[in-house]
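Inspection log for the structure reproduced underneath, given as structure tokens.
Protein chains: 2
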Amino acid sequence: MSPILSSVHILHPRLSLYVKPLFLCKFTLLRQSLGINPRILLSVASALPPTEDGGSCGRSGSLSAPPRVIEEAVQKIDVNPPKGTRDFPPEEMRLRNWLFHNFREVSRLYGFEEVDFPVLESEALFIRKAGEEIRDQLYCFEDRGNRRVALRPELTPSLARLVIQKGKSVPLPLKWFAVGQCWRYERMTRGRRREHYQWNMDIIGVPEVTAEAELISSIVTFFKRIGITASDVGFKVSSRKVLQEVLKCYSISENLFGKVCIIIDKIDKIPIDEIKKDLKSVGMSEDAVEELLQVLSIKSLTKLEEILGGAGEALSDLKQLFFLAEKFGYSEWIQFDASVVRGLAYYTGVVFEGFDREGKLRAICGGGRYDRLLSTFGGDDIPACGFGFGDAVIVELLKEKGILPEVSLQVENIVCALDPDLQGVAATVATLLRDKGQSVDLVLENKPLKWVFKRAARINAQRLILVGNTEWQKGMVGVKILSSGEQYEVKLDELE
Amino acid sequence: MSPILSSVHILHPRLSLYVKPLFLCKFTLLRQSLGINPRILLSVASALPPTEDGGSCGRSGSLSAPPRVIEEAVQKIDVNPPKGTRDFPPEEMRLRNWLFHNFREVSRLYGFEEVDFPVLESEALFIRKAGEEIRDQLYCFEDRGNRRVALRPELTPSLARLVIQKGKSVPLPLKWFAVGQCWRYERMTRGRRREHYQWNMDIIGVPEVTAEAELISSIVTFFKRIGITASDVGFKVSSRKVLQEVLKCYSISENLFGKVCIIIDKIDKIPIDEIKKDLKSVGMSEDAVEELLQVLSIKSLTKLEEILGGAGEALSDLKQLFFLAEKFGYSEWIQFDASVVRGLAYYTGVVFEGFDREGKLRAICGGGRYDRLLSTFGGDDIPACGFGFGDAVIVELLKEKGILPEVSLQVENIVCALDPDLQGVAATVATLLRDKGQSVDLVLENKPLKWVFKRAARINAQRLILVGNTEWQKGMVGVKILSSGEQYEVKLDELE
Numbered sequence: 125m126s127p128i129l130s131s132v133h134i135l136h137p138r139l140s141l142y143v144k145p146l147f148l149c150k151f152t153l154l155r156q157s158l159g160i161n162p163r164i165l166l167s168v169a170s171a172l173p174p175t176e177d178g179g180s181c182g183r184s185g186s187l188s189a190p191p192r193v194i195e196e197a198v199q200k201i202d203v204n205p206p207k208g209t210r211d212f213p214p215e216e217m218r219l220r221n222w223l224f225h226n227f228r229e230v231s232r233l234y235g236f237e238e239v240d241f242p243v244l245e246s247e248a249l250f251i252r253k254a255g256e257e258i259r260d261q262l263y264c265f266e267d268r269g270n271r272r273v274a275l276r277p278e279l280t281p282s283l284a285r286l287v288i289q290k291g292k293s294v295p296l297p298l299k300w301f302a303v304g305q306c307w308r309y310e311r312m313t314r315g316r317r318r319e320h321y322q323w324n325m326d327i328i329g330v331p332e333v334t335a336e337a338e339l340i341s342s343i344v345t346f347f348k349r350i351g352i353t354a355s356d357v358g359f360k361v362s363s364r365k366v367l368q369e370v371l372k373c374y375s376i377s378e379n380l381f382g383k384v385c386i387i388i389d390k391i392d393k394i395p396i397d398e399i400k401k402d403l404k405s406v407g408m409s410e411d412a413v414e415e416l417l418q419v420l421s422i423k424s425l426t427k428l429e430e431i432l433g434g435a436g437e438a439l440s441d442l443k444q445l446f447f448l449a450e451k452f453g454y455s456e457w458i459q460f461d462a463s464v465v466r467g468l469a470y471y472t473g474v475v476f477e478g479f480d481r482e483g484k485l486r487a488i489c490g491g492g493r494y495d496r497l498l499s500t501f502g503g504d505d506i507p508a509c510g511f512g513f514g515d516a517v518i519v520e521l522l523k524e525k526g527i528l529p530e531v532s533l534q535v536e537n538i539v540c541a542l543d544p545d546l547q548g549v550a551a552t553v554a555t556l557l558r559d560k561g562q563s564v565d566l567v568l569e570n571k572p573l574k575w576v577f578k579r580a581a582r583i584n585a586q587r588l589i590l591v592g593n594t595e596w597q598k599g600m601v602g603v604k605i606l607s608s609g610e611q612y613e614v615k616l617d618e619l620e
Numbered sequence: 125m126s127p128i129l130s131s132v133h134i135l136h137p138r139l140s141l142y143v144k145p146l147f148l149c150k151f152t153l154l155r156q157s158l159g160i161n162p163r164i165l166l167s168v169a170s171a172l173p174p175t176e177d178g179g180s181c182g183r184s185g186s187l188s189a190p191p192r193v194i195e196e197a198v199q200k201i202d203v204n205p206p207k208g209t210r211d212f213p214p215e216e217m218r219l220r221n222w223l224f225h226n227f228r229e230v231s232r233l234y235g236f237e238e239v240d241f242p243v244l245e246s247e248a249l250f251i252r253k254a255g256e257e258i259r260d261q262l263y264c265f266e267d268r269g270n271r272r273v274a275l276r277p278e279l280t281p282s283l284a285r286l287v288i289q290k291g292k293s294v295p296l297p298l299k300w301f302a303v304g305q306c307w308r309y310e311r312m313t314r315g316r317r318r319e320h321y322q323w324n325m326d327i328i329g330v331p332e333v334t335a336e337a338e339l340i341s342s343i344v345t346f347f348k349r350i351g352i353t354a355s356d357v358g359f360k361v362s363s364r365k366v367l368q369e370v371l372k373c374y375s376i377s378e379n380l381f382g383k384v385c386i387i388i389d390k391i392d393k394i395p396i397d398e399i400k401k402d403l404k405s406v407g408m409s410e411d412a413v414e415e416l417l418q419v420l421s422i423k424s425l426t427k428l429e430e431i432l433g434g435a436g437e438a439l440s441d442l443k444q445l446f447f448l449a450e451k452f453g454y455s456e457w458i459q460f461d462a463s464v465v466r467g468l469a470y471y472t473g474v475v476f477e478g479f480d481r482e483g484k485l486r487a488i489c490g491g492g493r494y495d496r497l498l499s500t501f502g503g504d505d506i507p508a509c510g511f512g513f514g515d516a517v518i519v520e521l522l523k524e525k526g527i528l529p530e531v532s533l534q535v536e537n538i539v540c541a542l543d544p545d546l547q548g549v550a551a552t553v554a555t556l557l558r559d560k561g562q563s564v565d566l567v568l569e570n571k572p573l574k575w576v577f578k579r580a581a582r583i584n585a586q587r588l589i590l591v592g593n594t595e596w597q598k599g600m601v602g603v604k605i606l607s608s609g610e611q612y613e614v615k616l617d618e619l620e
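As structure tokens, this is what we get:
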């Protein structure tokens, strides 16, 4: 174990280690091994101020000067998941399952097929040179075979890889969705997680804007299902072709297009002077920058038409999208906003993002058309569009609105033997009910009735089945309906 | 990109690179950039003999002498997922979902709660010194913050970590299950995958053997659900306490117990002389080894009782387990086999593994009691047991038996506009049906009817809804029931 691994403290109470006094971050802790209580150590450890390396004391992100202590490590494992990651204990898992179930149900309603890809991909799949945040925070490393690999930061490149692999064997269009974990690596502590789950829906093989309209429709359906309305959330919609048309006027190289988009995506996040500086640094003239910023401030299609003229694809795509939105029934959810470009280099056409109308949160989801992604991987281009929808911001929004559901555990039956000798009979009863599709929490130890009732309440059991000597001599068991308190005896073969 | 990354070839057809003649493994390929067809490159690449590093030409696992070619790499991405990993295109994903659904349904029937943990954990969580295969193949690496981390090889250590973290806040027993991806790293090519999914069920807080009996019952329920019978599959059951009692007779240190178990676990895999040598190398006498091997050959509890006497815990646990198996109704599935010890260091009591009776496959699943795992992480011990059930061997078994289900895509409706001008109406129709909970594949482009019927067949649509001019003028759409060929027109607001 390298000395820098100071965040891991293993305490082995059954080893009679003499643990030396040690200097741990800003605290000097004198510990003795005999009778040491791991819970006390734990609480001491958690009283330490959090540092980037979970206790390495270096400057944030600094690799130098590892603490020279922990020579003989305190043998207590860090009980927290790695920095920036989550455990899902049952209550969190129920919420995650509820969310994912809705992702999947909506995808099913839209006729999409589920796919998945490895969470670990070749690093090369994610390397693009546009200064994207997603690229800069790549969770990459060298594996034991000295290959450069990365925990995927997004799903789309893997999807593109699979589409190229499948080639002409799959009939287009493909309508695919995925719910997968994505990773990023940030050195700085910003309270942001290093992993999140993302719901993606993609349509491969449809050049028409009907595809984008369908995708936005599916997200709207999702929002409605979970209780979010058009007054909570909206979609800002634009097209990168708007930008392209402006850049063309100033003869700016197509190669710069991705970079310009990445710069503009930061328009609400960093000062406008920085944006201007960055745009100039990639070769745009003062005039071009000013005109571009003018265009980006446009919030109506009419105004856009005045400036760009009515001939370009940008305008016709957007007009068609707004027409379809009306037909799909989600007009009130969407608005044109030329400043929306999204932060991924590969978008080529319509782009959109879901935002909370109170303006408190980051984008809830985002997507767009990426007609030329496949050729960057050496495949033949196929028109495509898709979106990503993370599991973090939506939960924040539901909390904000006070409509985060409380999903509780529900087990239909709790079965309990009243006598240790009847444990086998209780097992038979449980099997009988489970064979009928009923869920059963079988009490596996001899416990007092008070304990059983408490457990029944905790698991929201509907029925308590008691296996007692008196009843069992008659081949019967006791049933108690827990909501009403109703009680009766029933022959085992009549138990439904 | 490091030169060792030779397995990744990116071909960017829109860049007019002059690609130099290059020496790639044993083949010399002369390539010209103009008009180059990526598919041809692909087929050339796939004609190369597979090597450990996907093309690095070094000795298997060798880190020295990276090929000095690929200075200006051919810009074609490897379309395969990383070595040892899988994509899940729709047909594979449906099978995976079917399998996982059964894992989850059985867990629900038994009243278990789902949990999950990060796929990436601190390496320290998995470090044990018993020579386990799982430990030697740890997929570990250093992250960008110089921490030693690992893609989890199994779920139990994370579960133990979470249980310690939760401490006394959770009422025991916990009945938790998880379905998670696990990773291993093998340098050698053995046609084995580097990732698989594993279903785990664990009971924490029950010292009685009822817990093991319940776990085996749940696996039997799973087998039955997917069409596997007791004549296909059985469980070999033993207890590590058998071994412990033998070792105690020969005064062998308890510290060696885990190591001895790991050696014995290989008894069917490597020659018996090797096993003997390994056992002697950890300090067992010739006599002890012989007696141990004698005991391990026992296949009946009566015989075991003759040798060990009737007093020990090993025998009483196993007798109780076989009694309960009868009560749960799965006696015909289980048999005593003293040679079963399982390959994880932390088991302490009953151990079991599911095997195919034809003896063609590796163990299907395995588990046991691990009452002292928590203290190895610095927590207070809590009696616990659990099992792991992978997604690989079971699929092989289902294939062997010819009962792997064909799970097909099913979309209820396909909706199609017969005229481009009616695309908006088709969108309205799709929305109406989806609002009623019906799944709809909306045809997003203007396609000939022949194409639409072909697609309808591919997605197993039940109904085709046609939006045509004549009908729409009457506010109606055409409906065709695809199974019967029945056709009719219906008012939009009467479409169910």
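The listed protein sequences derive, respectively, from chains A and B.
Numbered by my numbering, the letters in the first sequence go through residues 125 to 620 in order.
Numbered by my numbering, the letters in the second sequence go through residues 125 to 620 in order.
Glycine is no exception: its CB is placed at the ideal position from the N, C-alpha and C atoms.
Since this is a predicted model, take the numbers as computed values, not measurements.
Asked: A/K423 (DSSP reduced to helix, strand or coil); Found: coil
Asked: Cross-strand partners of A/C385 (DSSP beta bridge); Found: Answer by DSSP bridge pairing: none, since A/C385 is not bridged.
Asked: Integer-rounded CB distance, given that A/H320 should sit under 8 Å from A/G491; Found: That pair is no contact at about 16 Å.
Asked: DSSP three-state assignment for B/I164, whether helix, strand or coil; Found: Unreliable placement is indicated for B/I164, whose pLDDT of 33 sits below 50; the coordinate value is still reported in the next sentence. Residue state, collapsed to three classes: helix.
Asked: Residue closest to B/L568, alpha-carbon to alpha-carbon, out of A/G235, A/E245, A/R210, A/N226; Found: A/G235
Asked: 8 Å Cβ cutoff, A/R155 in contact with chain B; Found: Confidence in A/R155 is poor, its pLDDT being 31 and thus under 50, which makes the residue's placement too unreliable to answer from.
Asked: A/F479 vs A/G358 beta-carbon contact at 8 Å; Found: yes
Asked: Contact check, B/V370 vs B/E332, beta carbons under 8 Å; Found: no
Asked: Chain A contact for B/Y374 (CB, 8 Å cutoff); Found: no
Asked: Secondary structure of A/S362, DSSP reduced to three states; Found: strand
Asked: Reduced DSSP category for B/G434 - H, G, I as helix; E, B as strand; rest coil; Found: coil
Asked: Any 3 or more C-beta pairs closer than 8 Å across the segment 277 to 289 of chain A and the segment 199 to 212 of chain B; Found: yes
Asked: Sequence-distant residues of the same chain with beta carbon closer than 7 Å to A/I386, five excluded per side; Found: A254, G255, E256, G467, A469
Asked: Where A/N537 sits in the DSSP three-state scheme; Found: strand
Asked: Minimum Cβ-Cβ distance from B/K365 to chain A less than 8 Å; Found: no
Asked: Counted within 10 angstroms of its Cβ, other Cβ atoms place B/K360 as buried (16 or more) or exposed; Found: buried
Asked: Collapsed DSSP secondary structure at B/D480 in the structure displayed; Found: strand
Asked: Within chain A, partners of B/R259 - CB distance below 9 Å; Found: In chain order: nothing, as chain A lies at least about 14 Å away.
Asked: Between the CA atoms of B/A508 and A/I399 - distance to the nearest angstrom; Found: 58 Å
Asked: DSSP three-state assignment for B/S342, whether helix, strand or coil; Found: helix
Asked: Within-8 Å CB hit, A/F501 to chain B; Found: yes
Asked: Inter-residue Cα distance where the pair is A/Y612 and A/L588; Found: 11 Å
Asked: Span separating the alpha-carbon of A/F476 from that of B/S607; Found: 39 Å
Asked: A/N593 - DSSP class collapsed to helix/strand/coil; Found: helix
Asked: Inter-residue spacing [alpha-carbon to alpha-carbon] between A/Y309 and B/K404; Found: 48 Å
Asked: Pick from B/I394, B/E530, B/A462 that is closest to B/T426, judged by C-alpha positions; Found: B/A462
Asked: Close beta carbons around A/R493, own chain, < 6 Å, minus the five adjacent residues each side; Found: T472, G473, V474, C509
Asked: Local conformation of A/F511 per DSSP, three classes; Found: strand
Asked: Inter-residue CB distance, B/R276 and B/W307 (contact presumed, cutoff 8 Å); Found: 7 Å
Asked: Per DSSP, the bridge partner or partners of A/E319; Found: A/W307
Asked: Cβ-Cβ separation, A/W323 to A/V531 (assumed contact under 8 Å), whole Å; Found: At roughly 18 Å, the Cβ-Cβ gap does not stay under 8 Å, so A/V531 and A/W323 are not in contact.
Asked: A/K390 versus A/V384 - alpha carbon distance; Found: 10 Å
Asked: Distance, A/Q459 Cα to A/S424 Cα; Found: 8 Å
Asked: Cβ neighbour criterion (16 or more within 10 Å) applied to A/Q534; Found: exposed
Asked: Rounded separation between B/D565 and B/N537 - CA only; Found: 6 Å
Asked: Check whether B/D356 and B/K525 have beta carbons under 8 Å apart; Found: yes
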